[in-house]
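Remarks on the structure that follows.
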Amino acid sequence: DGGITQSPKYLFRKEGQNVTLSCEQNLNHDAMYWYRQDPGQGLRLIYYSQIVNDFQKGDIAEGYSVSREKKESFPLTVTSAQKNPTAFYLCASRLSQVVSPLHFGNGTRLTVT
Amino acid sequence: GIQVEQSPPDLILQEGANSTLRCNFSDSVNNLQWFHQNPWGQLINLFYIPSGTKQNGRLSATTVATERYSLLYISSSQTTDSGVYFCAAHDHASGGSYIPTFGRGTSLIVHP
């Protein structure tokens, strides 16, 4: 079955460490997105990518980095520069050539202490 | 960028009641999507609806693009309908990309 896989489901890190969240999709989608969700809040866009080897900053990119070396993969690194990294992170994808619905992975809950 | 507002922010229902959730957006959009986030955090796609009305079982959605709003109707609510409902407006950003912008959601609790 096609879908978006995020791993791990839960992640715990010490303050000051970088951590990478995985996002893989087998939907043959061109565009991929990373969103952050804080308790009781909506989704805020961190980074997005329309094609391989290209990505753009979203509304809250500071303290995060991404890469898009393969169409299927869009990993997100939460760096030590991110002041409040504890959050729920959601990866999404869609076809980019036409207006199309957004599909989500099941998310990664990151806790930094 | 586009602004998306949802109302009400919170809603408490008795099982069997009907409800209407609203999503207003500040500018013309290419499309509008409704999601249900369950208690485990999964975002389930409910409707992808640029205009008109769609129905899926007890749920239906109507988007009036010219007036910049969309409505989600839940009839005969069940406890499993509990969760947060988000709408996302798909805006045409610079460079040809489409950026979905989310509202803050409506938190729904359905009591048995």
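Which chain is which? The protein sequence lines are A and B, in order. For what it's worth, the numbering used here labels the leading residue of the first sequence as 1, then goes sequentially. For what it's worth, the numbering used here labels the leading residue of the second sequence as 1, then goes sequentially. Yeah, the Cβ is synthetic: ideal placement off N, Cα and C, and Gly gets one too. Since the structure is predicted, the reported quantities are computational estimates derived from the model, not experimental observations.
If residue i sits next to residue j, beta carbons under 8 angstroms apart, how far is it from one beta carbon to the other, in whole angstroms?
i, j, result
"residue 76 (chain A)", "residue 34 (chain A)", "5 angstroms"
"residue 42 (chain A)", "residue 102 (chain B)", "5 angstroms"
"residue 109 (chain A)", "residue 9 (chain A)", "7 angstroms"
"residue 56 (chain A)", "residue 47 (chain A)", "7 angstroms"
"residue 87 (chain B)", "residue 4 (chain B)", "6 angstroms"
"residue 53 (chain B)", "residue 62 (chain B)", "4 angstroms"
"residue 18 (chain A)", "residue 80 (chain A)", "6 angstroms"
I'd like to confirm the pairing. Which residues does DSSP put opposite residue i in its beta bridges?
i, result
"residue 72 (chain B)", "B:21, B:61"
"residue 107 (chain B)", "B:10, B:84"
"residue 74 (chain A)", "DSSP, once it has assigned bridges, lists no residue as partnering residue 74 (chain A)."
"residue 54 (chain B)", "B:61"
"residue 8 (chain A)", "Answer is none; residue 8 (chain A) lacks a bridge partner."
"residue 79 (chain A)", "Note: residue 79 (chain A) sits in no beta bridge, so no partner."
"residue 29 (chain B)", "Partner(s): none; residue 29 (chain B) has no beta bridge."
"residue 102 (chain B)", "B:88"
Is there a C-beta anywhere in chain B that falls below 7 angstroms from the one on residue i?
i, result
"residue 95 (chain A)", "no"
"residue 53 (chain A)", "no"
"residue 43 (chain A)", "yes"
"residue 107 (chain A)", "yes"
"residue 74 (chain A)", "no"
"residue 8 (chain A)", "no"
"residue 88 (chain A)", "yes"
"residue 85 (chain A)", "no"
"residue 102 (chain A)", "yes"
"residue 99 (chain A)", "yes"
Measuring alpha carbon to alpha carbon, tell me which of the options ends up nearest residue i.
i, options, result
"residue 36 (chain B)", "B:112, B:107, B:111", "B:107"
"residue 57 (chain B)", "B:51, B:63, B:76", "B:76"
"residue 7 (chain B)", "B:14, B:68, B:24, B:42", "B:24"
"residue 111 (chain B)", "B:50, B:79, B:2", "B:79"
"residue 20 (chain B)", "B:70, B:42, B:91, B:40", "B:70"
"residue 24 (chain A)", "A:113, A:69, A:62", "A:69"
"residue 48 (chain B)", "B:5, B:105, B:90", "B:90"
"residue 84 (chain A)", "A:101, A:61, A:73", "A:61"
"residue 55 (chain B)", "B:34, B:10, B:66, B:68", "B:34"
"residue 46 (chain B)", "B:73, B:40, B:12", "B:73"
"residue 44 (chain A)", "A:88, A:99, A:31", "A:88"
"residue 39 (chain B)", "B:85, B:66, B:99, B:104", "B:85"
"residue 52 (chain A)", "A:67, A:19, A:3", "A:67"
"residue 74 (chain A)", "A:104, A:112, A:59", "A:104"
"residue 86 (chain A)", "A:30, A:64, A:29, A:112", "A:112"
Within the 7 angstroms Cβ cut-off, does residue i reach chain A?
i, result
"residue 68 (chain B)", "no"
"residue 45 (chain B)", "yes"
"residue 52 (chain B)", "no"
"residue 48 (chain B)", "yes"
"residue 25 (chain B)", "no"
"residue 100 (chain B)", "yes"
"residue 104 (chain B)", "yes"
Name the residues in the stretch 30-42 of chain B whose C-beta lies less than 9 angstroms from a C-beta of chain A; which are they?
30, 31, 33, 35, 37, 40, 41, 42
Exercise for the section: Could you name the residues of the stretch 76-94 of chain B whose beta carbon sits closer than 7 angstroms to any beta carbon of chain A, in the order they occur along the chain? Expected result: 86, 88, 90
Practice problem: Residues of the stretch 12-23 of chain B with a CB closer than 9 angstroms to any CB of chain A: list them in chain order, please. | Solution: Here the close residues number zero.
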